[in-house]
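*Asks:* Residue numbers (the numbering used here): 1 to 423.
Yeah, the Cβ is synthetic: ideal placement off N, Cα and C, and Gly gets one too.
In this text the structure is predicted, and so the values were computed from the model without any measurement.
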C-alpha cells in the first residue's frame, strides 16, 4: 500500500501557523507524507483566517484551487473561518470535514487513521524562528474584532508542556522561540479565574521559567497589551537573559476618542506611561505596534493625534492597516465610514512617519555590537545575508548561505533605507 500524501495550507496569524505544524506532525507520525510540488495530494488541510473579509475570500479561493489541482482530494478545513461560517465552508468543492472546534480535531484525524496527536511540536520546518502557542482565546470585545466570537474561551497551556516543547525546539537547532497566542497577556488568567487560594502563574512567571533553559537561543513575545504589564513584568523582563528587549504593544489608534469607539481598555497617556516605565529599566528596548487607520468617524484631527502619539512612543516599527469593516462586529455598523481614498492616504503618511522613527532607532546601534540571527541570503546582493538582531532590527552584512540559521556577532555600521548595515 502506497503512503498517503497530504498538502497543508495556512492563512493568517502565528497561532494558525503553529496549529498547522501540530497537525502536520500528527499526520506524518500517522503515516502520511507531505505532498511535493506537482504531486496529487490524497488529503488537503486548510487552516483558515477570518479577521477580515479578505481572509474569508482567500480561504475560499485556496480551497477551490486545491480541489481543482488535486483531483479526488478530500479537504479538511479548520481555523477561524471554519468556526464562523461552517455551512458556507462545507459547500465548497472537495470539503468533507469542517472543524468548527479544535476539540473535534482528534476525532477528525482518527477518521484518517491518525490516533495520536502530540502534546506540542518538535520543529518548525523551513523556519529559523519557531512559534510556541502558550494560550488560546480572547474575552475582550473590541468593536472592530470578530476573533472573540470564534475563539472565545481562555485556555492556557501548562508551564511544563510549554517548557518541554521549547527544549525540543532548542535541541532541534531553532535559535529564536516566539511565544504566541490569541491574547498572550492573558496567559494564566483562566487558571485562577474564579478560584480562591490558588497562586497565580502569569506570563512573566512563564518566561522566568523558560529562561532557565540553557543554550545559545533567545525568546521573544509576539505581542502584549500595555495595560497588562506591571512592575513584576518589568522586573522579570529585565532579569531574563534569553528574552529579547523588544515588545509589541498594539496601540491601534493614538487618539483617545477613537480608542473609546474601538472599545479599547486604555487611553494614550496610560499607554505611553507603560512604555516609559519599561524604558527606565531597559533603555534600548524596542517597541513595535499595530495601527488601524481610517476607523469609522476618524477625523483629520484624530489622525493627527495618532501621528503625535506615535512620535512620542518612538516606535521602531509599525504594522499599519487600513480599517476593513468586518461583518458581525459593532464597528461595521458605525456611521461616518471613512472613504478608501482617505484611508489609503493616511496609511501612506503614517508609513512615512514610521520610516523616520525606524531610522532614528537604528542609528543608536551604529558602532555597537549586535547579536544577529541570520535568516537568509540577499538575492539582489550576492555575498550578503540578512537577519534580525535581538531588538528586531533588520540587518544586512557580508556573508554566505552557510551562515543561514546561525547566531553571529557583528557591529552596526550604517543606517540604510529599511535596514542597518553591519560588519
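Restricting to Cα atoms, I'd like to know which of 353, 174, 203 and 175 is closest to residue 183.
*Replies:* The count along the chain shown starts at 1 and reaches residue 183 at position 183. Taking only the C-alpha atoms, the option nearest residue 183 is 203.
*Asks:* Indicate whether residue 174 and residue 129 have their beta-carbon atoms separated by less than 8 Å.
*Replies:* In the chain shown, the residue the question calls residue 174 occupies position 174. In the chain shown, the residue the question calls residue 129 occupies position 129. Yes. Within cutoff.
*Asks:* Going residue by residue through the stretch 65 to 105, where are the continuous alpha helix (DSSP H) segments of at least 4 residues, counting only ones entirely within it?
*Replies:* 80 to 84 and 86 to 90
*Asks:* Only counting the same chain, and skipping five residues up and downstream in sequence, which positions put a Cβ closer than 6 Å to that of residue 201?
*Replies:* For the purposes of this step, residue 201 is identified with residue 201 of the chain shown, where counting begins at 1. Here the set comprises 188.
*Asks:* Secondary structure at residue 289, three-state DSSP: helix, strand or coil?
*Replies:* In the chain shown, residue 289 corresponds to position 289, counting from 1. It is a strand residue.
*Asks:* Determine the DSSP secondary structure at residue 151, reduced to helix, strand or coil.
*Replies:* Looking up residue 151 in the chain shown gives position 151. Note: residue 151 maps to coil in three-state DSSP.
*Asks:* Return yes when the Cβ of residue 12 is within less than 8 Å of the Cβ of residue 79, no when it is not.
*Replies:* Counted from its first residue, the chain shown places residue 79 at position 79. Counted from its first residue, the chain shown places residue 12 at position 12. The criterion of a C-beta distance shorter than 8 Å is satisfied by residue 79 and residue 12.
*Asks:* Mind checking whether the beta-carbon of residue 232 lies closer than 7 Å to any heavy atom of the ligand ADP?
*Replies:* This structure simply doesn't include the ligand ADP, nor any ligand for that matter.
*Asks:* Look at the Cβ atom of residue 205, then the Cβ atom of residue 222, and state whether they are nearer than 8 Å.
*Replies:* Against the chain shown, residue 205 aligns to sequence position 205. Against the chain shown, residue 222 aligns to sequence position 222. Contact flag unset, no.
*Asks:* Ignoring anything shorter than 4 residues or poking outside the stretch 278 to 325, list the alpha helix (DSSP H) runs there in chain order.
*Replies:* The stretch 278 to 325 contains, as complete alpha helix (DSSP H) runs of 4+ residues, the segments 300 to 313 (chain order).
*Asks:* Please name the residue in 302, 245 and 321 whose C-alpha comes closest to that of residue 285.
*Replies:* Sequence index remark: in the chain shown, residue 285 carries index 285 (1-based). For residue 285, the nearest C-alpha among the options comes from 245.
*Asks:* I'd like to know whether the C-beta of residue 413 is nearer than 8 Å to at least one C-beta of chain D.
*Replies:* The chain labelled as chain D is not found in the depicted structure, where only one protein chain is given.
*Asks:* Considering only C-alpha positions, which residue in the set 217, 236, 310 and 233 is nearest to residue 252?
*Replies:* Taking the first residue of the chain shown as position 1, residue 252 is located at position 252. Considering only alpha carbons, the answer is 310.
*Asks:* Which residues in the same chain as residue 389 place their Cβ atom closer than 7 Å to its Cβ, once the five residues preceding and following it in sequence are excluded?
*Replies:* What you label residue 389 is simply residue 389 of the chain shown in a count that begins at 1. Closer than 7 Å at Cβ, skipping near neighbours: 370, 371, 372 and 395.
*Asks:* Tell me which residues share the same chain as residue 4 and place their Cβ nearer than 6 Å to its Cβ, disregarding the 5 neighbours each side in the sequence.
*Replies:* Residue mapping note: residue 4 aligns to position 4 of the chain shown, counting from 1. Scanning its chain for C-beta atoms nearer than 6 Å, with the 5 sequence neighbours on each side dropped, one finds around residue 4 the residues 32 and 42, in chain order.
*Asks:* In this structure, what does DSSP give as the bridge partners for residue 136?
*Replies:* As a first step, residue 136 must be located in the chain shown, where it is residue number 136. Beta-bridge pairing links residue 136 to 155.
*Asks:* So what does DSSP say about residue 247, is it helix, strand or coil?
*Replies:* Here residue 247 refers to the residue found at position 247 when the chain shown is read from its first residue. In the structure shown, residue 247 sits in a strand (DSSP, three-state: E or B).
*Asks:* Out of 82, 95 and 54, which one is the CA nearest neighbour of residue 44?
*Replies:* Within the chain shown, the letter at position 44 stands for residue 44. Answer by Cα proximity: 95.
*Asks:* Express the C-alpha separation of residue 397 and residue 382 in angstroms, rounding to a whole number.
*Replies:* Within the chain shown, numbered from 1, the residue matching residue 382 stands at position 382. Within the chain shown, numbered from 1, the residue matching residue 397 stands at position 397. C-alpha separation (whole angstroms): 11 Å.
*Asks:* Thinking just about the alpha-carbon of each residue, which of 327, 115, 81 and 177 is nearest to the one in residue 220?
*Replies:* If you number the chain shown from 1, residue 220 lands on position 220. For the residues 327, 115, 81 and 177, the minimum Cα distance to residue 220 belongs to 177.
*Asks:* Going by Cα to Cα distance, which pick from 267, 106 and 238 is closest to residue 283?
*Replies:* Along the chain shown, read from residue 1 onward, the residue named residue 283 stands at position 283. Taking the Cα of residue 283 as reference, the smallest distance to any Cα among 267, 106 and 238 is reached at 238.
*Asks:* Is it a yes or a no for the stretch 252 to 262 touching the stretch 137 to 155, going by three-plus beta-carbon pairs under 8 Å?
*Replies:* yes
*Asks:* State buried or exposed for residue 444, treating a residue as buried only when at least 16 other CB atoms are found within 10 Å of its CB.
*Replies:* Since the first and last residues shown for the chain are 1 and 423, residue 444 lies out of range.
*Asks:* According to DSSP, is residue 10 helix, strand or coil?
*Replies:* Here residue 10 refers to the residue found at position 10 when the chain shown is read from its first residue. In the structure shown, residue 10 sits in a strand (DSSP, three-state: E or B).
*Asks:* Once the 5 residues before and after residue 274 are set aside, which same chain residues still bring their CB inside 8 Å of it?
*Replies:* Here residue 274 corresponds to residue number 274 of the chain shown, with the count starting at 1. So the qualifying residues of the chain are 226, 227, 229 and 249.
*Asks:* On the criterion of 16 or more Cβ atoms from any shown chain inside 10 Å, does residue 28 qualify as buried, or is it exposed?
*Replies:* On the chain shown, position 28 is the one that residue 28 refers to. That one is exposed.
*Asks:* Which residues does DSSP pair with residue 252 in a beta bridge?
*Replies:* Translated into the one-based positions of the chain shown, residue 252 becomes position 252. DSSP output for residue 252 lists 291 as bridge partner(s).
*Asks:* Would you call the stretch 301 to 319 and the stretch 349 to 361 touching, i.e. three or more CB-CB distances under 8 Å?
*Replies:* yes
*Asks:* Per DSSP, which one or two residues make a beta bridge with residue 372?
*Replies:* The count along the chain shown starts at 1 and reaches residue 372 at position 372. Answer by DSSP bridge pairing, in chain order: 389 and 408.
*Asks:* For residue 213, which three-state DSSP category applies?
*Replies:* Sequence index remark: in the chain shown, residue 213 carries index 213 (1-based). Residue state, collapsed to three classes: coil.
*Asks:* Could you tell me if residue 362 is buried or exposed, where buried requires 16 or more neighbouring beta carbons within 10 angstroms of its beta carbon?
*Replies:* Counting from 1 along the chain shown, the entry for residue 362 is found at position 362. Classification of residue 362: buried, given that the 10 Å Cβ count is 16 or more.
*Asks:* Determine the contact status of residue 339 and residue 302, defining contact as a CB-CB distance below 8 Å.
*Replies:* Position 339 of the chain shown, counted from the first residue, corresponds to residue 339. Position 302 of the chain shown, counted from the first residue, corresponds to residue 302. Their beta carbons are not under 8 Å apart, which means residue 339 does not touch residue 302 by this criterion.
*Asks:* Straight-line CA distance for residue 55 to residue 367?
*Replies:* Position 55 of the chain shown, counted from the first residue, corresponds to residue 55. Position 367 of the chain shown, counted from the first residue, corresponds to residue 367. Approximately 43 Å between the Cα atoms of the pair.
*Asks:* Just how far apart, CA to CA, sit residue 89 and residue 231?
*Replies:* Along the chain shown, one-based indexing puts residue 89 at 89. Along the chain shown, one-based indexing puts residue 231 at 231. In a straight line, the C-alpha of residue 89 is about 46 Å away from that of residue 231.
*Asks:* Between 169, 101, 210 and 117, which has its C-alpha nearest residue 127's C-alpha?
*Replies:* For the purposes of this step, residue 127 is taken as the residue at position 127 of the chain shown. Here the closest residue by C-alpha is 169.
*Asks:* Starting from the C-beta of residue 347, find all residues in its chain whose C-beta is less than 7 Å away, skip the five residues before and the five after it, and write them out in chain order.
*Replies:* Start at 1 with the first residue of the chain shown, and residue 347 comes out as number 347. Once the five neighbours on either side are set aside, the close Cβ partners of residue 347 are 293, 320 and 322.
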